[in-house]
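K.L.:
Here's a structure for you.
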Amino acid sequence: MSAEQTTAFSVKQLARVSELLARVHAARRAAQFYPLDHPAVTDGVDALAEVIERFHDEGVDVVFSLYEGEILFHEQQLPQESIVFDQLIREITALGIGVIEIERGCTRAELAAAISILAADSHAVEQHGGIERMAAETGLSRVRFGQVRAFERVEQGEFDEKAARDSYVGAVDLVREIDDIVRRNRAIGCGRIKSVVRGLVDNVIASREAMLELTGLKSHDEYTFYHSANVAILSLALGSAITSDYRFLSSLGAGALLHDLGKMTVDLEILNKPGALTPDEWAAVRNHSVSGARTASRIRGLDKSAIVIILEHHMRYDGLGYPSRTSRRPQHLASRIVAVADAYDAMTSRRAYSAARVHDEAMELLVRSADTALDPALVRLFVTIMGVYPPRSVVRLNDGSTAVVLRPNRGNPLRPVVNLIADGSGAMLADPVVIDLGVVGGLDVVRCLDTADLNIDVEGYVV
């Protein structure tokens with residue numbers, strides 16, 4: 094399928110893309126004036142088919158994406174063609190088409206039927222119930238028309254709690270599957286990665302706070318899988334506070350989800366070793382960013398920015414991390430975002446060689462790392478988004494009562510919204526009370542409590 098295709102094309106192939114678009118335009122224009130069996134149409138379809146077959150002979154499906162006046166071949170931007178074929182792009186997108194996929198095995202009869210759909214007017218498409226239904230009624234199997242979901246923006250408020258949780262579980266499951274694939278030395282497909290990342294991006298845009306609540310889910314036994322999903326959500330939460338550009342967020346999400354891809358080839362005994370690592374073991378761990386980037390570079394269709402993230406996430410803001418870099422090449426913005434998310438989730442997770450830090454301590458350590466290991470501007474923004482006491486933190490209030498943090502308070506990161514679960518004597522409340530500390534006076538958070546020392550089911554108090 095198209096999602097598996099490589100985005101690296103030769104100069105000759107890119108020149109052929111321009112020829113292909115010209116023939117689409119000519120065949121479509123002929124079909125708007127003549128019946129499908131007219132020589133002008135059949136000749137146009139034959140000429141178009143010849144170009145498509147050359148791509149198919151090279152093992153390349155023909156995939157175009159159209160968005161806001163731009164056209165892309167797979168993920169390759171085509172700035173010149175976007176100008177030359179501006180009218181074609183506008184007329185096709187007016188039909189509700191954002192993606193055109195022509196797979197190997199497409200017959201000329203099916204191609205002619207597809208051209209007839211492209212030649213239709215928007216009113217006819219509406220009468221058929223949309224472009225996808227019209228294509229289905231025509232019986233297309235090797236040609237697909239659809240919307241560009243990879244560039245859609247989900248408006249605030251369009252949030253489905255079940256869909257959000259499903260996207261989180263899907264991310265964990267995907268990383269688990271990739272781990273198995275890598276350890277068996279098999280090829281990783283990009284289609285599922287893009288689908289899972291799309292779900293994460295959509296849900297973070299729809300409700301950043303609700304998705305951040307899910308990052309409190311941890312698993313000591315499956316640390317890598319949950320950590321990867323958490324880092325993806327934390328990175329997207331931070332990235333979406335900087336930009337709403339869907340392309341950037343999609344690349345960021347993919348790189349964040351796969352940032353520890355290289356660790357999947359490191360011996361589990363080394364990763365789970367409770368004591369100090371030997372020099373050779375430490376070298377194996379330090380190499381995971383390079384080996385991960387190398388593995389990612391073989392994933393057909395994966396955005397190159399995601400590969401950069403995998404390579405650079407331990408490079409440090411000051412350049413003193415690994416792998417080493419020249420002073421002329423600063424760490425990529427997306428890599429700096431993932432570095433903050435990675436550091437925070439690692440510190441708040443229990444691992445074989447370290448206990449989980451309480452959340453306010455982790456935030457303090459992040460702030461201390463600003464301007465050395467981490468980008469100070471991103472650290473400040475991260476604290477603002479998460480609050481000093483992030484979701485799922487268990488906190489002690491100044492009256493001795495105990496509460497679970499539900500979400501940060503945008504106006505004051507020190508005063509979150511909490512669920513009061515125990516009074517000052519330690520007695521559990523039969524009916525927990527939700528309190529916005531930004532509104533209620535007299536109550537302050539004193540410190541975070543270590544959930545390992547408490548007999549509290551935090552999940553049961555998150556509402």
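In terms of my numbering, the sequence shown opens at residue 94 and continues consecutively.
C-beta atoms are modelled at their ideal positions from N, C-alpha and C, and glycine is treated no differently.
Pick from Asp550, Asp453 and Asn502: whose alpha carbon is nearest that of Leu542?
P.N.:
Taking the sequence shown and counting its residues from 1, one reaches residue 542 at position 449. Looking at the Cα atoms, Asp453 is the closest of the given residues.
K.L.:
Specify the secondary structure class of Met408 as computed by DSSP and reduced to three states.
P.N.:
The count along the sequence shown starts at 1 and reaches residue 408 at position 315. Coil at Met408, not helix or strand.
K.L.:
How many whole angstroms separate the CB atoms of Ser382 and Gly412, which I take to be in contact at a CB cut-off of 8 Å?
P.N.:
Translated into the one-based positions of the sequence shown, residue 382 becomes position 289. Translated into the one-based positions of the sequence shown, residue 412 becomes position 319. With a Cβ gap of about 14 Å, Ser382 and Gly412 do not count as contacting.
K.L.:
For a test of the three-state rule: what should DSSP assign to Arg269, helix, strand or coil?
P.N.:
Indexing the sequence shown from 1 puts residue 269 at position 176. Residue state, collapsed to three classes: helix.
K.L.:
Whose C-alpha, out of Pro501, Leu490 and Leu513, is nearest the C-alpha of Gly535?
P.N.:
On the sequence shown, residue 535 is found 442 positions in, with the first residue counted as 1. Looking at the Cα atoms, Leu490 is the closest of the given residues.
K.L.:
Is it buried or exposed for Ser462, if we count other Cβ within 10 angstroms and need 16 for buried?
P.N.:
For this step, residue 462 is matched to residue 369 along the sequence shown. The residue in question, Ser462, is buried, as its Cβ has 16 or more Cβ neighbours within 10 Å.
K.L.:
For Met521, count the other beta carbons within 10 Å of its own beta carbon; 16 or more makes it buried, fewer makes it exposed. Which is it?
P.N.:
For the purposes of this step, residue 521 is identified with residue 428 of the sequence shown, where counting begins at 1. Burial call: exposed.
K.L.:
Leaving out the 5 sequence neighbours to the left and right, which residues in its chain are closer than 7 Å to Ala399 when beta-carbon positions are compared?
P.N.:
As a working note, residue 399 is residue 306 in the sequence shown. Contacts found: Ser344, Ala347, Gly348, Leu351 and Ala389.
K.L.:
Quick check: what's the CA-CA separation for Gly504 versus Gly480?
P.N.:
For the purposes of this step, residue 504 is taken as the residue at position 411 of the sequence shown. For the purposes of this step, residue 480 is taken as the residue at position 387 of the sequence shown. One C-alpha to the other measures close to 10 Å.
K.L.:
Span of the alpha helix (DSSP H) holding Arg461?
P.N.:
Position 368 of the sequence shown, counting from 1, holds the residue named residue 461. Its alpha helix (DSSP H) spans residues His452 to Ser462.
K.L.:
Taking only the alpha-carbon atoms, compute the straight-line gap between Leu329 and Arg201 and give it to the nearest angstrom.
P.N.:
As a first step, residue 329 is located in the sequence shown; it is residue number 236 there, counting from the start. As a first step, residue 201 is located in the sequence shown; it is residue number 108 there, counting from the start. So the two alpha carbons sit approximately 43 Å from each other.
K.L.:
Is Ala299 near the ligand MN, going by C-beta to nearest heavy atom under 6 Å?
P.N.:
Absence of the ligand MN from the depicted structure is noted, as is the absence of any ligand whatsoever, leaving it without description.
K.L.:
Determine, using beta carbons only, whether Val433 and Leu404 come nearer to each other than 7 Å.
P.N.:
Position 340 of the sequence shown, counted from the start, is the residue given in the question as residue 433. Position 311 of the sequence shown, counted from the start, is the residue given in the question as residue 404. No, the pair does not count as a contact, with Cβ atoms beyond the cut-off.
K.L.:
Can you tell me where the alpha helix (DSSP H) with Thr388 in it begins and where it stops?
P.N.:
Start at 1 with the first residue of the sequence shown, and residue 388 comes out as number 295. Start and end: His381 to Ala389.
K.L.:
Quick one: what's Arg500 bridged to in DSSP?
P.N.:
The residue labelled residue 500 in the question sits at position 407 within the sequence shown. Looking at the DSSP assignment, Arg500 forms a beta bridge with Val510.
K.L.:
Tell me which residue opens and which closes the beta strand (DSSP E) that Met623 is part of.
P.N.:
One cannot answer for residue 623 here, as it falls past the ends of the chain, which runs 94 to 556.
K.L.:
In whole angstroms, what separates the C-alpha of Arg109 from that of Ser428?
P.N.:
Looking up residue 109 in the sequence shown gives position 16. Looking up residue 428 in the sequence shown gives position 335. One C-alpha to the other measures close to 35 Å.
K.L.:
I need the boundaries of the alpha helix (DSSP H) containing Leu204, first residue and last residue.
P.N.:
Numbered from its first residue, the sequence shown carries residue 204 at position 111. Leu204 -> alpha helix (DSSP H) spans Arg201 to Leu211.
K.L.:
For Leu181 and Gln169, what's the separation of their Cα atoms in angstroms?
P.N.:
The residue labelled residue 181 in the question sits at position 88 within the sequence shown. The residue labelled residue 169 in the question sits at position 76 within the sequence shown. So the two alpha carbons sit approximately 18 Å from each other.
K.L.:
By the 10 Å Cβ neighbour count, where 16 or more other Cβ atoms means buried, how is Lys255 classified, buried or exposed?
P.N.:
Position 162 of the sequence shown, counting from 1, holds the residue named residue 255. Label assigned to Lys255: exposed.
K.L.:
CA-CA distance, Arg277 and Met357?
P.N.:
Here residue 277 is taken as the residue at index 184 of the sequence shown, counted from 1. Here residue 357 is taken as the residue at index 264 of the sequence shown, counted from 1. Their backbone Cα atoms lie some 10 Å apart in a straight line.
K.L.:
For a test of the three-state rule: what should DSSP assign to Val433, helix, strand or coil?
P.N.:
Counting from one through the sequence shown, the residue named residue 433 turns up at place 340. It is helical.
K.L.:
Reducing DSSP to helix, strand and coil, say where Gln106 ends up.
P.N.:
Start at 1 with the first residue of the sequence shown, and residue 106 comes out as number 13. Gln106 falls in the helix class under three-state DSSP.
K.L.:
Just to check my reading of the structure: Leu204 and Ala124 have Cβ atoms closer than 8 Å, yes? What is that Cβ distance to the nearest angstrom?
P.N.:
Along the sequence shown, one-based indexing puts residue 204 at 111. Along the sequence shown, one-based indexing puts residue 124 at 31. The pair is not a contact, with the Cβ atoms about 11 Å apart (cut-off 8 Å).
K.L.:
Rounded C-beta distance between Gly198 and Arg235? I'm assuming under 8 Å.
P.N.:
As a first step, residue 198 must be located in the sequence shown, where it is residue number 105. As a first step, residue 235 must be located in the sequence shown, where it is residue number 142. Their Cβ separation, rounded to whole angstroms, is 5 Å, which keeps Gly198 and Arg235 in contact under 8 Å.
K.L.:
What number of angstroms, rounded off, separates the C-alpha of Asp150 from the C-alpha of Leu188?
P.N.:
Residue mapping note: residue 150 aligns to position 57 of the sequence shown, counting from 1. Residue mapping note: residue 188 aligns to position 95 of the sequence shown, counting from 1. For Asp150 and Leu188, the distance between alpha carbons rounds to 30 Å.
K.L.:
So what's Phe244 in DSSP terms, helix, strand or just coil?
P.N.:
As a position in the sequence shown, residue 244 is number 151, starting the count at 1. For Phe244, the pLDDT reaches just 39, beneath the cut-off of 50, and the residue's location in the model is therefore unreliable, although a value from the coordinates is still provided. Looking at Phe244 - three-state DSSP - the assignment turns out to be helix.
K.L.:
May I ask you to report which of helix, strand or coil DSSP gives Thr477?
P.N.:
Within the sequence shown, the letter at position 384 stands for residue 477. The answer is helix: DSSP assigns Thr477 an H, G or I state.
K.L.:
According to DSSP, is Leu490 part of a helix, a strand, or is it coil?
P.N.:
Here residue 490 refers to the residue found at position 397 when the sequence shown is read from its first residue. Leu490 falls in the strand class under three-state DSSP.
K.L.:
How is Ile335 classed by DSSP in three states: helix, strand or coil?
P.N.:
Here residue 335 is taken as the residue at index 242 of the sequence shown, counted from 1. Coil.
K.L.:
Judging by CA-CA distance, which residue of His320, Gly531, Asp524 and Val218 is the nearest neighbour of Pro501?
P.N.:
The residue given as residue 501 occupies position 408 in the sequence shown. Minimum Cα distance to Pro501 is reached at Gly531.
K.L.:
Mind checking whether Val460 and Thr544 have CB atoms under 7 Å apart?
P.N.:
As a working mapping, residue 460 is identified with position 367 in the sequence shown. As a working mapping, residue 544 is identified with position 451 in the sequence shown. Taking 7 Å as the Cβ cut-off, Val460 and Thr544 do not qualify as a contacting pair.
K.L.:
Give the straight-line distance between the Cα atoms of Leu364 and Phe178, rounded to the nearest whole angstrom.
P.N.:
In the sequence shown, counting from the first residue as 1, residue 364 sits at position 271. In the sequence shown, counting from the first residue as 1, residue 178 sits at position 85. Cα-Cα distance, rounded: 53 Å.
K.L.:
Excluding the five sequence neighbours on either side, which residues of its own chain have a C-beta within less than 8 Å of the C-beta of Leu474, listed in chain order?
P.N.:
For the purposes of this step, residue 474 is taken as the residue at position 381 of the sequence shown. So the list reads Leu331, Ala334 and Ile335, once near-sequence residues are dropped.
K.L.:
So, with DSSP's three-state summary, where would you put Phe178?
P.N.:
Mapped onto the sequence shown, residue 178 falls at position 85. Coil at Phe178, not helix or strand.
K.L.:
Pull the bridge partners of Ser158 from the DSSP assignment, please.
P.N.:
One-based indexing of the sequence shown puts residue 158 at position 65. Leu165 and Val192.
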